[in-house]
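*Asks:*
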Amino acid sequence: MIPSPVLPGAFERGRNLRRLADEHFDVLVVGGGITGVGVALDAASRGLRTALVERGDFASGTSSKSSKLVHGGLRYLQNGDVRLVYEALRERQRLLRNAPHLVRVMPFLIPMFGKGGVIHPKLEKALGSAMWMYDLTGGARIGKLHQRISKEETLAHMPTLPADRVGASYLYYDAQADDARLTLTVARTAAELHGAVCVNHAPVVELTHEGGRTTGAVVEDAESGSRIEVRASAVVNAAGVWADDIRALDEGTHPHAIRPAKGIHLTVPWSLVRNDIAVIAPVPKDKRSIFVVPWPAPAGEEPAFTYIGTTDTDYDGPTEDPQCTREDVAYLLDAINHSTTTEITERHVVGTWAGLRPLVKATTSGRTADLSRNHAVVPSASGVVSVTGGKLTTYREMAADTMDAVSEVLDLPRAQRRSRTARLRLLGADGYDPGATGPDQHLHQRYGGEARVVQAMAERDPSLGAPLVHGLPHLRAEALYAVRYEMATTLADVLERRVRGLMLSRDATADAATAVADLIGPELGWSDRRRADEVAELRARAVQQRDAPGLPDSVLPGIGS
Ligand code: FAD
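In our numbering, each residue carries its 1-based index in the sequence shown increased by 230.
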């Protein structure tokens, strides 16, 4: 095997399961979304013996289903949440520095509409003030101030805008990242650079107590069905929308403190929108707007996809696998069609995803869109610390606050009471080549310095240099890398999260399922039966996503068969 990771074996599932059973930990983190992996990194980098268990795959909850923006959130300023925006913009800068391979500056366009392209002065003034406010709150830290640009420049950025209604626009800067990859990289950094023991597909089924204090948890290995008792002095509950369920295991009663809010996105071919930068489009008859974001392409190439989102609605359905409904899709299509001259229909949708925001309940019952994205850290009487709410962008700060609370619970010495993550670079940041071009650029923007391992795999076996999924830039070597070094355990781990296949190109990904299973199956020791089950499951997910929007005729023959 090509020698890779920084600390060989540190992110190996079987080895880590054994360590879970054998060792005693200072902190056990429940949940491998961005919040949980952030806490694991904060804890491990303070020198604490740290374990993390995730019920499904890393980022399989909300953290793979966001809008993928590392941003302050212009609209939170409108809600008066200046502190949240300030903190988020500070975190955005840290992420740009600590994970330059994963987080990219992205310009955003806010086109202004008016009859014949004439903008109402009130609208222009209000937006202009909001732009200054964003810059002053920390937006300008990115090194560029917002600008007002002409109608011609606006149309050059998105030629499908209706020329008879659009006028000038504002342009400002934020950042974007693949949320699942960021989450995985934080987990690997915690494990390979700081010694945390992380395991996916390992749900907590019980919390253990002695004398009213937490002593750890019972965890199930979803692969073998066996149970492991993990001993820990403190437990962090970072289970997102499922945090109340973990609290119920600890406190005996369900606190009902989380109010899930559903948000969906859809992907369409970029050629229908042709936006070279992200665009904020208004939703007619609703005081909201949506993001229209090109999926990054190698320098000099046109993007293949644009994704559009999000909705923001109260949700009381099953939290396991929220679905996009026809209404959700219609809402986004109505909004985008209001801002384009092309008619985008359900038939053009090539991918969809739905996620649940783990919002903390407010005392009043307004729209979920108006609920704060601030986070809350709540220690229980037994010493379980729950962290809820927040945003992808602010995960590091949430983790630091959580570990500050844990350090009180554990009565840690002074040296371990301070977070060390503000300047801690993530795995791959060292050795990242921002000047890489062509296929190397694709690899560097996913793996940073670790790209060399994927490149070496493809050089050693040229068949691994072939494409993984038709129309996507990934190599077959990336699927093997995912299994060998990124703890991918199922076909969906590879095609839904390590590679964002289902999200970007559902049908082509389902088409590739058998070939990818044949490639990774031997590495994972799959029987023929397991391999067939994995393919069937992946294809069923593609069918479910295709049918939820109610697309009339699939362009994918044989899918789900
Ligand atoms: P999750 O990612 O859901 O992680 C919780 C994990 O706990 C899950 O993986 C789950 O499997 C695991 N778990 C549950 N029960 C157990 C158990 N018993 N044992 C072990 N593990 C368990 N934020 C931004 O900053 N920018 C954005 O652009 C943005 N867009 C968004 C768009 C949408 C539609 C949504 C829904 C959210 C968006 N957010 C955004 C917010 C952001 O995505 C979330 O705040 C963040 O991903 C939540 O992460 P988490 O780790 O708390 O939860």
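All C-beta atoms, glycine included, are put in the ideal place defined by N, C-alpha and C.
Of the residues R556, R395 and V471, which one's Cα is nearest the Cα of K345?
*Replies:* R395
*Asks:* If you reduce the DSSP assignment to three classes, tell me which class K355 lands in.
*Replies:* helix
*Asks:* Please classify A468 as buried or exposed, where buried requires at least 16 neighbouring CB atoms within 10 angstroms.
*Replies:* Per the 10 Å Cβ criterion, buried.
*Asks:* Please report the Cβ distance between A629 and G262, rounded to the nearest whole angstrom; I am assuming they are in contact, meaning their Cβ atoms lie under 8 Å.
*Replies:* That belief does not hold up - the Cβ atoms of A629 and G262 are roughly 13 Å apart, past 8 Å.
*Asks:* What whole-angstrom Cβ distance do V434 and L271 have, given they're in contact under 8 Å?
*Replies:* So it is not a contact: roughly 20 Å between Cβ atoms.
*Asks:* Should G286 go down as buried or exposed, given a rule of 16 or more other Cβ atoms within 10 Å for buried?
*Replies:* buried
*Asks:* Let's see if you can read the secondary structure: which residues bound the beta strand (DSSP E) around T438?
*Replies:* V434 to E440
*Asks:* Over the uninterrupted alpha helix (DSSP H) stretch that includes H387, give me the two end residues.
*Replies:* The continuous alpha helix (DSSP H) containing H387 extends over residues K381 to H387.
*Asks:* Starting from the C-beta of V785, find all residues in its chain whose C-beta is less than 7 Å away, skip the five residues before and the five after it, and write them out in chain order.
*Replies:* Bear in mind that a pLDDT of 40 at V785, under 50, signals an unreliable position, so the model cannot answer this.
*Asks:* Could you pull the start and end residues of the beta strand (DSSP E) that N467 belongs to?
*Replies:* First-last of the beta strand (DSSP E) with N467: R457 to N467.
*Asks:* Would you call the CB atoms of G277 and A464 closer than 8 Å?
*Replies:* no
*Asks:* On the CB-based measure, 16 or more other CB atoms within 10 Å of its CB, does L781 come out buried or exposed?
*Replies:* At L781 the pLDDT is 47, less than 50, meaning the model places this residue with poor confidence and gives no usable figure here.
*Asks:* Would the region 704-712 count as touching the region 680-696 if we require 3 or more Cβ pairs under 8 Å?
*Replies:* yes
*Asks:* Cα separation between A386 and A393?
*Replies:* 11 Å
*Asks:* Would the region 446-460 count as touching the region 418-434 if we require 3 or more Cβ pairs under 8 Å?
*Replies:* yes
*Asks:* Do you know offhand how far R243's Cα is from R411's?
*Replies:* 18 Å
*Asks:* Please state the DSSP three-state secondary structure of L786.
*Replies:* Because the pLDDT at L786 is just 36, under 50, the model does not fix this residue reliably, and the value given afterwards should be weighed accordingly. Three-state result, L786: coil.
*Asks:* Apart from the five residues on each side of it in sequence, which residues of its chain come closer than 7 Å, Cβ to Cβ, to L319?
*Replies:* G302, T367, G368, G369 and R371
*Asks:* Straight-line CA distance for S501 to P485?
*Replies:* Cα to Cα, S501 sits roughly 47 Å from P485.
*Asks:* Determine the burial state of V713: buried for a count of at least 16 other Cβ atoms within 10 Å of its Cβ, exposed for fewer.
*Replies:* buried
*Asks:* Is the CB-CB distance between I494 and T549 below 8 Å?
*Replies:* no
*Asks:* Spatial neighbours of P512 within its chain, please: C-beta separation below 6 Å, excluding the five flanking residues on both sides.
*Replies:* S519
*Asks:* Between K381, T632 and H350, which has its C-alpha nearest A273's C-alpha?
*Replies:* Of the candidates K381, T632 and H350, the one whose C-alpha sits nearest the C-alpha of A273 is T632.
*Asks:* Does the distance from the C-beta atom of G620 to that of T265 stay below 8 Å?
*Replies:* yes
*Asks:* Taking 7 Å as the line, does the beta carbon of E284 fall inside it for any heavy atom of the ligand FAD?
*Replies:* yes
*Asks:* Using a threshold of 7 Å, is the CB atom of R305 nearer than that to any non-hydrogen atom of the ligand FAD?
*Replies:* no
*Asks:* Let me make sure I understand the geometry here. Which of L247, L414 and S735 has the alpha-carbon closest to that of W525?
*Replies:* S735
*Asks:* Please report the residue range of the beta strand (DSSP E) in which T497 lies.
*Replies:* I488 to P499
*Asks:* Which of the three DSSP states is assigned to D670 in this structure?
*Replies:* helix
*Asks:* Rounded to a whole number of angstroms, what is the C-alpha to C-alpha distance between R249 and E557?
*Replies:* 47 Å
*Asks:* To the nearest angstrom, how far is it from the Cα of A491 to the Cα of Y400?
*Replies:* 29 Å
*Asks:* Which of helix, strand or coil does DSSP assign to W756?
*Replies:* coil
*Asks:* Determine the direct distance from the alpha carbon of V773 to that of G790, and round the result to whole angstroms.
*Replies:* Below a pLDDT of 50, predicted positions are generally treated as unreliable, and G790, at 30, falls in that range; no measurement from the model is reported.
*Asks:* Would you identify the three-state DSSP class for D546, choosing helix, strand or coil?
*Replies:* For D546, the secondary structure class from DSSP, reduced to helix, strand or coil, is coil.
*Asks:* Helix or strand or just coil, what does DSSP make of G619?
*Replies:* G619 falls in the strand class under three-state DSSP.
*Asks:* With a CB to CB cut of under 6 Å and the five nearest residues on each side skipped, what residues in its chain are close to H254?
*Replies:* R461
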